[in-house]
Amino acid sequence: MSIVIITGGSRGLGASIAAQCAKRGMGVILTYNSNRQAAEKVVGAIESDGGKAVALELDVSNIAGFPAFRDAVRQELAGTWNASSFDFLVNNAGYGLYNPIATVTEDEFDGLFRVHLKGPFFLTQALLPIMADGGHIVNVTSATSRVATAGVAPYASFKGGLEVLTRYMAKEFGDRRIRANSVAPGPIRTELGGGLTDEFEALLAGQTALGRVGEPDDVGCMVASLLSDDNRWINAQNIEIGGGYII
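Heads up: the sequence shown begins at 0 in numbering that gives the first Met the number 0, then just goes up one per residue.
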């Protein structure tokens with residue numbers, strides 16, 4: 000059985016990715032920052048469908064906590080799956096902040112940087128020793144790195160940096176046959192940044208070729224599919240999941 004680690008798996012895109020991976024027979028380790036109850040609800044839903052999942056606490060912005068997290072992963076791998084390594088890492092954890100450049104504070108900037116770029120960089124580094132050769136890393140970026148949207152400059156900048164980092168991961172981890180790709184969701188109906196108002200959703204739907212905003216499962220199914228062996232020759236790519244958003 001392949002085993003996937005999904006950061007930020009207690010809600011939204013992460014919860015969907017976890018569910019879709021489990022449906023395809025993967026063991027799931029999902030992380031949560033503070034909402035343990037929500038994470039356990041996701042685990043419960045997976046297990047009620049016959050899958051196997053565990054939830055671990057992780058603050059992606061706190062690099063000092065990564066060694067302890069790696070130890071916790073090792074324990075779960077051994078105790079739950081009788082395994083010593085995992086196969087897939089999905090760097091998904093994140094949050095939104097909507098402020099124009101003129102009013103963004105240094106603390107807001109640094110917070111987004113730690114979660115969306117620095118965290119995935121050093122978490123991947125920390126987990127590499129227990130990642131199986133031939134594995135796959137998927138970094139969740141954003142269509143905002145392609146389409147400039149007022150108010151999300153720091154967020155989009157770090158997502159753009161994560162897209163570049165993905166190509167370097169593919170380059171440097173190739174000798175272990177570890178692939179690295181990124182997926183860039185377009186507008187999705189989630190709680191990120193407080194969710195979408197009806198008016199804003201209608202605007203975004205009108206800017207999308209398929210005439211609607213995305214649902215979490217539109218992304219979850221794509222990521223789970225990307226991790227499969229069917230896509231074994233896709234590497235170092237950024238794949239937008241937006242239904243034709245502003246094309």
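Every residue, glycine too, gets a C-beta built ideally from N, C-alpha and C.
On the criterion of 16 or more Cβ atoms from any shown chain inside 10 Å, does residue 136 qualify as buried, or is it exposed? Position 137 of the sequence shown, counted from the start, is the residue given in the question as residue 136. It counts as buried.
Within this structure, are the beta carbons of residue 5 and residue 61 separated by less than 8 Å? Looking up residue 5 in the sequence shown gives position 6. Looking up residue 61 in the sequence shown gives position 62. Cβ distance not < 8 Å, so residue 5 and residue 61 don't count as in contact.
Take residue 236 and list the residues in its own chain whose beta-carbon comes closer than 6 Å to its own, dropping the five residues that flank it on each side. Here residue 236 is taken as the residue at index 237 of the sequence shown, counted from 1. The residues 180, in chain order, have a CB closer than 6 Å to that of residue 236 in the same chain once the five nearest residues on each side in sequence are set aside.
Among 161, 130, 134, nearest to residue 144 - alpha-carbon criterion: Locating residue 144 in the sequence shown gives position 145, counting from the first residue. When C-alpha distances from residue 144 are compared across 161, 130, 134, the shortest belongs to 161.
At a Cβ threshold of 8 Å, is residue 47 touching chain C? The structure shown contains no chain C, having only a single protein chain.
For residue 128, which three-state DSSP category applies? For this step, residue 128 is matched to residue 129 along the sequence shown. DSSP places residue 128 in helix when its eight states are reduced to three.
In the region 40-100, which residue ranges form an unbroken alpha helix (DSSP H) of at least 4 residues, counting only runs that do not cross its ends? Counting whole runs of 4 or more residues, the region 40-100 contains the alpha helix (DSSP H) stretches 65-80.
Does residue 226 come out as helix, strand or coil in the three-state DSSP assignment? Numbered from its first residue, the sequence shown carries residue 226 at position 227. Of the three classes helix, strand and coil, the one that applies to residue 226 here is helix, per DSSP.
Continuous beta strand (DSSP E) stretch holding residue 26: start and end: In the sequence shown, the residue the question calls residue 26 occupies position 27. Residue range 26-31 is occupied by the beta strand (DSSP E) that includes residue 26.
Check whether the Cβ atoms of residue 213 and residue 185 sit closer than 8 Å, and answer yes or no. Indexing the sequence shown from 1 puts residue 213 at position 214. Indexing the sequence shown from 1 puts residue 185 at position 186. Going by C-beta atoms, residue 213 is nearer than 8 Å to residue 185.
Secondary structure of residue 119, DSSP reduced to three states: Your numbering for residue 119 matches position 120 in the sequence shown. Here residue 119 carries a helix assignment [DSSP, helix/strand/coil].
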